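Colleague: My questions all concern the structure below.
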Amino acid sequence: TIQVLLFGVLAIEVKRKAPDAHTFLEMVDVRWGTAAHLVFMFFAFCTNTLVTAMLLLGGAAVMNATSGMDKALCSFLIPWGVIIYTFAGGLKATFLASYIHTSIIFIGLVIFIMLVYAMPGSCEPDQQCDQLGGS
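Going from the sequence shown to our numbering is simple: count from 1 and add 1026.
Below, the structure is given as structure tokens:
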């Protein structure tokens, strides 16, 4: 989509103008000073906290729906699993786990798409709706 294209253009321009910057907070500090840097850092921390909480609770809800495990217990155990494999394997383990999880998701999506759309006679919308459990 257009957002991805614009982000790519913006990233190239930022790298041209500030090749030593690693984060957007460094650019804010250079451009607007320490006060703006602290404000942006506070909002970035709040955003990271909210996104982490949403991912954790979403994972806990999935585990609860699939296995019946308590959401509070899932919310406690999911971070410990990440801590253990990161501690044992470092950054390499984190990248490997992300790659494996993404591969599992893509394999599941391909299987689901093949089951829904590639079955004989599934080209009609009424049959697709029936196969998905609709009325």
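From the three backbone atoms N, C-alpha and C, an ideal C-beta is built for every residue, glycine too.
Every value quoted in this text rests on a predicted model; they were computed, and no experiment measured them.
DSSP state of L1036, grouped into three classes?
Modeller: Within the sequence shown, residue 1036 is the residue found at index 10, counting from 1. Here L1036 sits in helix by DSSP.
Colleague: Are the segment 1048-1055 and the segment 1066-1074 touching by the rule of at least three beta carbon pairs closer than 8 Å?
Modeller: Verdict: yes, contact present.
Colleague: According to DSSP, is T1027 part of a helix, a strand, or is it coil?
Modeller: Residue mapping note: residue 1027 aligns to position 1 of the sequence shown, counting from 1. Correct three-state label for T1027: coil.
Colleague: Cα separation between K1097 and A1079?
Modeller: Position 71 of the sequence shown, counted from the start, is the residue given in the question as residue 1097. Position 53 of the sequence shown, counted from the start, is the residue given in the question as residue 1079. In a straight line, the C-alpha of K1097 is about 13 Å away from that of A1079.
Colleague: Taking only runs that begin and end inside the segment 1058-1133, name each unbroken beta strand (DSSP E) of 3 or more residues, in chain order.
Modeller: The segment 1058-1133 contains no whole beta strand (DSSP E) run of 3 or more residues.
Colleague: For the segment 1080-1089 and the segment 1103-1119, state whether three or more C-beta atom pairs, one from each stretch, are separated by less than 8 Å.
Modeller: Output reads yes: the segment 1103-1119 touches the segment 1080-1089.
Colleague: Suppose you measure from the CA of R1042 to the CA of D1055; what does that come to, to the nearest Å?
Modeller: As a first step, residue 1042 is located in the sequence shown; it is residue number 16 there, counting from the start. As a first step, residue 1055 is located in the sequence shown; it is residue number 29 there, counting from the start. Looking at the two C-alpha atoms, the distance is approximately 17 Å.
Colleague: Could you have a look at P1045 and say whether DSSP puts it in helix, strand or coil?
Modeller: Numbered from 1 along the sequence shown, position 19 holds the residue referred to as residue 1045. Coil, per DSSP.
Colleague: Report yes if the CB atom of C1100 is closer than 7 Å to the CB atom of A1091, and no otherwise.
Modeller: As a first step, residue 1100 is located in the sequence shown; it is residue number 74 there, counting from the start. As a first step, residue 1091 is located in the sequence shown; it is residue number 65 there, counting from the start. No, they are not a contact pair.
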